[in-house]
Amino acid sequence: GFTITNKEKTPWAPMIPPTRAITVTKEWQDSDGNKIDAPVDSVTVELYKDGVATGQVQELTKANNWTASFEKQPVSATLGGEAHQYTVKEVGEILNNIQVTGKWYGVGYAGSMKEGFTIINKEKTPTKPSTPNDPESNKPEVPSTSNNKILPKTGDASNVSQYAWIMLASGVLLMLMGYRRKNQG
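If you count by my numbering, then the sequence shown holds residues 16 to 200, one letter each, in order.
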């Protein structure tokens, strides 16, 4: 005969997409590149996914050894899909510069998602303003001769006085005709 064995079927478990942790560390350096003590108690770092701010922030402090981690970040949007690219940015940094306690620091980023990111704030030495040079006197050149330009001929070679005489004669003629008409009528 036959032997029938009943086994409980294990329930189907949905696949959970893989996640990763993104670690970030903060370093402070003087203008020569030597490590220095942080001039502030804390800084805030924001996580970016594929170049867009995620809104997730971590506070780095001396108490947490200037290190924090963004946990459980999805590797990709779908199973087997293209992996997300994560980066970090210090909040308040503009064009790789940040002002902390009245001093300017250059902000540099090193590392990767796999190894973790390091944000390096390097103190900038204040540049002394240069003394302005005396401006050169640029006087405009004065031409030594006048430029009498000869105008081109336009075909109008008539004399204005001729027209004036014709107008005067016409006016006198009209007055005589008017006088004559008045006397005859």
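No residue lacks a Cβ here, since even glycine has one placed at the ideal position from N, Cα and C.
Could you pull out every residue in the same chain whose Cβ sits closer than 6 Å to the Cβ of S185, ignoring the five residues on either side in sequence? none
Burial state of F17 (16 or more Cβ within 10 Å): exposed
Secondary structure at A92, three-state DSSP: helix, strand or coil? coil
Cα-Cα, which of W180, L189, I19, I37 is closest to P89? I37
In whole angstroms, what is the alpha-carbon distance linking M128 and V55? Rounded to the nearest whole angstrom, the C-alpha separation of M128 and V55 is 26 Å.
Could you say which of N79, K77, F85 lies nearest to T69 if we only look at CA atoms? The option with the nearest alpha carbon to T69 is F85.
Quick one: Cα of G193 to Cα of L183, how far? When rounded, the distance between both Cα atoms is 15 Å.
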